[in-house]
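Student: Here the protein sequences line up with chains A, B and C, keeping their order. Here the numbering used here runs 1304 ahead of the position in the first sequence, where the first position is 1. Here the numbering used here runs 10 ahead of the position in the second sequence, where the first position is 1. Here the numbering used here runs 18 ahead of the position in the third sequence, where the first position is 1. Note that the Cβ used here is the ideal one computed from N, Cα and C, for glycine as well. Treat the numbers as computed from the prediction; the structure is a model and nothing was measured.
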Amino acid sequence: MTAPALITRLRGPLTFLGLLAAALLVMPLLLEPFRLNQLAQYLCYAIVALGIALAWGRGGMLALGHGVYFGLGAYAMAMHLTLAAAATDPLSPGHLPQFMVWSGLTELPWFWRPLTNPATAIAAALLVPTAVAALLGWSVFRQRVRGAYFAILNQALAAAFVILLIGQQHLTGGSNGLTDFPVFAGTSLYTPTAQYTLYALTVLTLGATYLLFRHITLSRYGKLLIAIRDGEDRVRYLGYDPTWIKTLAYALSATAAGAAGALFVPIMGIISPSLIGVIPSIMMVLAVAIGGRYSLAGAATGAVLMNAAQTTFAETFAGGWTYLQGALFVIVIALAPRGLAGLTRTAAQALSRPTPANTTPTPETTTGSHP
Amino acid sequence: MDALIGQLPVGLSIGAVLLLAALGLNFTFGQMGVINMAHGELIMIGAYTAYVLHAWIGLNPAYSLLIALPTAFAVTGTLGWLLELGLIRHFYGRPLDTLLLTFGIGMILQQAARDTFGAPNVDVPAPAWLTGGLTLTDNIRIHYSRLFILALAILCVVAIAYHLNRSRAGRQMRAVIHNRDLAATTGINTRKVDATTFFIGSGLAGIAGVALTLIGPTGPTLGTNYIVDAFLVVVIGGLGQLRGTILAALALGLLNATVEAWADASLAKLIVFAAIVAFLQARPQGLLTVKTRALT
Amino acid sequence: MAPTPPGPRTTAIAATLALALAATTACAPGDPAGVTDDTVTVGMLHSLSGTMAISEVTVRDAVELAIDEINADGGVLGRQIEPVIEDGASDEATFADRANKLLNDDNAVTVFGGWTSASRKAMLPVFERNNGLLWYPVQYEGLESSPNIVYTGATTNQQIIPALDYLREQGHTSLYLVGSDYVFPRTANQIITAYADAHDMEIIAEEYTPLGHTEYSTITNDIARTEPDAVFNTLNGDSNVSFFQQLRSAGVTPDDSPVLSVSVAEEEIEGIGPDNIAGHLTAWNYYQTTETDTNTGFVQAFTDTYGADRVTSDPMQSAYNAVHLWKAAVEEADSFEVDDVRAALDGTTIDAPEGTITIDGDTQHVIKTARIGQITDTGLIDEIWASPEPITPDPYLTGYDWAADLTG
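1) Per DSSP, what are the beta-bridge partners of Gln98/C in this structure?
2) At which residues does the beta strand (DSSP E) containing His383/C begin and terminate?
3) Buried or exposed for Ala40/C, going by 16 or more other Cβ atoms inside 10 Å?
4) Among residues of its own chain, excluding the 5 on either side of Pro1433/A, which ones have a beta-carbon nearer than 7 Å to its beta-carbon?
5) Counting only runs that start and end within the stretch 349-414 of chain C, where is the alpha helix (DSSP H) found for 4 or more residues in a row?
6) Can you tell me whether Phe1415/A is buried or exposed, with buried defined as 16 or more other CB within 10 angstroms of its CB?
7) Taking only runs that begin and end inside the stretch 1495-1578 of chain A, name each unbroken beta strand (DSSP E) of 3 or more residues, in chain order.
8) Show which residues of chain B have a CB atom less than 8 Å away from the CB atom of Phe1633/A.
9) Using DSSP bridges, identify the partner residues of Ser192/C.
10) Can you tell me which of the three DSSP states Gly143/B falls into?
11) Would you decide whether Asp191/B is buried or exposed? Buried here means 16 or more other CB atoms lie within 10 Å of its CB.
12) Should the stretch 40-47 of chain B be regarded as contacting the stretch 238-250 of chain B, the criterion being three or more beta carbon pairs within less than 8 Å?
13) Which residues does DSSP list as the beta-bridge partners of Tyr226/C?
14) Which runs of the alpha helix (DSSP H), 4 residues or longer, sit entirely within the stretch 80-135 of chain C?
15) With 7 Å set as the bound, which would you pick, yes or no: does the beta-carbon of Thr302/B sit closer than that to a beta-carbon of chain A?
16) Just to make sure I have the definition right: I need the residues of chain C whose C-beta is within less than 8 Å of the C-beta of His153/B. Which are they?
17) Any contact of the stretch 1483-1502 of chain A with the stretch 1533-1545 of chain A, i.e. 3+ C-beta pairs under 8 Å?
18) Excluding sequence positions up to five away, which residues of its chain have a Cβ less than 8 Å from the Cβ of Thr376/C?
19) Is the stretch 43-58 of chain B in contact with the stretch 206-220 of chain B, if contact means three or more CB pairs nearer than 8 Å?
20) Just confirm the distance between the C-beta atoms of Ala296/C and Thr394/C, as a whole number of angstroms; I'd bet it's less than 8 Å.
21) Give me, in chain order, the residues of the same chain whose beta-carbon lies closer than 7 Å to that of His231/C; leave out the 5 immediate sequence neighbours on both sides.
22) Using a beta-carbon distance cut-off of less than 8 Å, what residues from the stretch 249-274 of chain B approach chain C?
23) Helix or strand or just coil, what does DSSP make of Tyr418/C?
24) Please go through the same chain and pick out, in chain order, the residues whose beta-carbon is closer than 6 Å to the beta-carbon of Ser279/C, but skip the five residues on each side of it.
25) Exposed or buried, Val168/B, counting other C-beta atoms within 10 Å across all chains shown (16 or more means buried)?
26) State the beta-bridge partners of Thr300/C as determined by DSSP.
27) Report yes or no: do three or more beta-carbon pairs, one from the stretch 1590-1609 of chain A and one from the stretch 1390-1409 of chain A, lie closer than 8 Å?
28) Pairs of beta-carbons, one from the stretch 255-265 of chain B and one from the stretch 1443-1459 of chain A, closer than 8 Å: are there three or more?
29) Once the 5 residues before and after Val1636/A are set aside, which same chain residues still bring their CB inside 6 Å of it?
30) Quick one: using the 10 Å Cβ neighbour count with 16 as the cut-off for buried, is Thr126/B buried or exposed?
31) According to DSSP, is His100/B helix, strand or coil?
32) Which bits of chain C does Ser276/B rub up against, with CB to CB less than 9 Å?
33) Indicate whether at least one CB of chain B lies closer than 7 Å to the CB of Val1449/A.
34) Figure out for me which residue from Phe320/C, Val156/C, Thr410/C has the closest Cα to the Cα of Asn135/C.
35) Go through its chain and collect everything with a Cβ distance to Ala223/C's Cβ below 6 Å, but skip five positions before and after it.
36) Ser74/B touches chain C at which residues, Cβ-Cβ below 9 Å?
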């Protein structure tokens, strides 16, 4: 590869990393603490978006249930923080969270116990979503469930997970979720320093995830993943086992979602079933579609942009913002099928051919979307 | 055991409701591959059509329901046809894009309903001849409104089956689904067939909406209660398989009712979801599948 | 990797930054926080979209009415109230986020809002951290008392326990419990079970359904079969429509087994259909038909503003009261500062539509009368029983021996 070509090729990623560095250093000076907190939330969703871009954009898996993995990571962290808060709460006999006391529990359920340790909680936030995704992925990819089937199955998973969380109120906090997390590992989470640290941690995680996933997509494995997206059976005939290749990508994308969830909880101060159900899961995918599913950086930017737009719309037109939000989705999906990151390419195709949406051969057309 | 038999009509009626909600999807999703998330909103609009006929136009509840059924079919069918014409036809073969697109449309429709009819639920009174029910034994009761929905579901199925198998338009529809290119070469206007399919699928959502006013709330978020379940029915049945959809709806209804007899409703839903995942392990393409060269 | 040109991506990111910056510069710091010489900023935070909009939009209307009335009457301490309206979007994180924005960006001196317990629990840390003041207008499950929240709806000993007292007085000793699967019904049913144990009452069944559930045939058939003296209904919102329709179809009449509901008010009856629910009972602290002079004026003003077909309900009235109580406390304190207002809360009294109500400073709940009502076929509720005197709030049920085990 020639030097200019290399520069061209690296311009996008370098811009993105440069922006992250700027976000790390400049934004805290520009933004009030609570706006910085909002930006940190958006960046959490950007981490989820990276995962979805890997599974969907690269691997062609319609990951419509990532709220579940986000939620598993978030709950692992939130359970730890709840226990940390209960440990210092004079109103909690036996250091049980208050909702358990009111539900008549007298001792901590077994799956809560390991989470007293912050390191275990962080490990669980990453490993549990990965394991669940690997298990689900392996069992369905093995059966060659794909396309719309896989999407609906993901949605059903999100719906079932929410029902489980709400129904097991004495174990999970029910529809109220878990909230109010004053301390982590002995330090207050409410100080400006703690909030900045969390923000910085989110930016760094986003950057690290980006580099890791970029490395993966450029590797031989990444090429196989794309090959499977574009023609699974052909890859199978070549002697590869698509099940494992797809499962790995799906599990990795769940890890990213779990990490995002774990960061989201101390930033937002709450996790509840309504944040991780069917509609939030769709929103996570929409963010990727808006940013550009074929570009990791685009997907992450899309998540920030979509959430910022939603906040701006809602704060400006409290009564009718959903019109704007809905219209935004329709317009972006209809006019920019490759998302914002692919706008020039879409526009170029539009100029060379009069009806872009009809004829743009996006890779999905060639996958087994029709089972 | 008696209690379990008592759940039979309950299961049938849950199945009938699921079937009505899913029948339209059998066309738009099952046959055309469009994941229409706005289907729930079309159901909602069907329900509001019944409300408008009664509350705004002032029809007598005794027969406004019967008038609402064809009206709602026409209203939501036309809306779906417009959607297909304006947007969805550009997205065939890209199911996830249709999902995201129609999700946005659903948001807009929902807010529009809220602004038009107000946020609280509205009352669509059931005709007097549908209140009450049959008591067969102590444990077995069938509500008239449930019987009506069951009858309506059967009627819709018969009409669809007749259309698909006997009418020229229906046969063209099947031909296009099985092999679009081949159908086009025989002179079938596939654009027209697509539009018609979408019209019928969306119209069925309207009928489901009217039926749902008999058993549930009529409000802006009515459709969201049913949308995931309805998609599951179509997936389990096997895409584009009318018989599969019917079987899946009834099986899910019966399973739900049976589990509910000994567990609470929350747990019942969870068990049903688990059963679905397990089932798709065994039959990843649904109950019934069609093997053609066009569909791999 | 697909060779995507960097141009638009950079543009998109620049747009993000611009948007974020625009958002930050939008605020104008008030000095002192949210109060100018002629205006005072308050926040209103209800779900205007999503599933909870069904209930919360009307509460917003009631708060707006109270603000308009107060403004027309000269405002608070000579300042006109300027509400900033935000949408909680039926989503707890949004509630927390918007509460943060109202307190920090808009410098709202107080906020009126919330409906679900989940939304209140989500906002609570935000208000405690920023020392804000939230007025929460809905009856709830108790077991909470935050210095940063004023609870203007009923706690359990002002609604559920009086309802049980009433049922027991009527000789209804076997109860069937049906509720939505979330924190309020589960807590309420624990209280009901403890009460029943202590008073020789029988609980026939305790059934929960997911929020938004519409299939009640199994439960209604079971009620028809077991013939309880009464049904205690803690279903939320939408599910009530299906439940009452299907209960009627199952042939259960109010004479057989009256259903006492604690989450069905005038607002919901229209959606359920008066035919389906007439004759059944409710427990609240206020009805549109409550006979006080203030209520006549309130109902008149509400229907004048929003249309003759609109009804008033307990949560709306509690939200309306919240604004007036806040005004009274501010005037008592002669300050908009949260700490001063909080110090003035105890004993703050207004003539509300439900009668004279007073804030209990210890719990920051409101001392109010419990009322049992019967639903009429016109969709209103007639009072058929009332507690002999206003009840002092006891969110942790410390004054009830039989409840000792409940609160740990």
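Tutor: To lay it out plainly:
1) Note: Gln98/C sits in a beta bridge opposite Thr57/C.
2) 383-385
3) In this prediction, Ala40/C scores a pLDDT of 45, lower than 50, which makes its location untrustworthy; no coordinate-derived value is stated.
4) Tyr1373, Leu1376, Gly1377, Ala1558, Thr1559, Ala1561, Gly1562
5) At a cut-off of 4 residues, the continuous stretches assigned as alpha helix (DSSP H) that sit fully inside the stretch 349-414 of chain C are 356-363.
6) exposed
7) Listed in chain order, there is nothing to give.
8) Within chain B, the residues near Phe1633/A are Leu110, Leu111, Phe113, Gly114, Met117.
9) Glu220/C
10) Here Gly143/B carries a strand assignment [DSSP, helix/strand/coil].
11) exposed
12) Taking 8 Å as the limit for Cβ pairs, the verdict is that the stretch 238-250 of chain B does touch the stretch 40-47 of chain B.
13) In the DSSP output, where bridge partners are listed per residue, Tyr226/C has Gly197/C.
14) 110-122
15) Confidence in Thr302/B is poor, its pLDDT being 45 and thus under 50, which makes the residue's placement unreliable; the coordinate value appears in the next sentence. Not one chain A Cβ lies under 7 Å of Thr302/B.
16) Ser235, Gln264, Ser267, Ala268
17) Counting Cβ pairs under 8 Å, fewer than three are found: no touch.
18) Gly365, Thr366, Thr367, Val384, Ile385, Pro408
19) Taking a contact to require three or more Cβ pairs closer than 8 Å, the stretch 43-58 of chain B and the stretch 206-220 of chain B qualify as touching.
20) 6 Å
21) Ser257
22) Asn266, Ala267, Glu270, Ala271, Asp274
23) coil
24) Asn251, Thr300
25) exposed
26) Ser279/C, Gly391/C
27) no
28) no
29) Ile1594
30) exposed
31) Under the three-state reduction of DSSP output, His100/B falls in the helix class.
32) Asp199, Tyr226, Thr227, Pro228, His231
33) By this cut-off, Val1449/A is an interface position.
34) Sequence inspection shows Ser at residue 135/C; the Asn mentioned does not correspond to that position. Sorting Phe320/C, Val156/C, Thr410/C by C-alpha distance to the C-alpha of Ser135/C places Val156/C at the top.
35) Tyr194
36) None at all; the shortest Cβ gap to chain C is about 14 Å.
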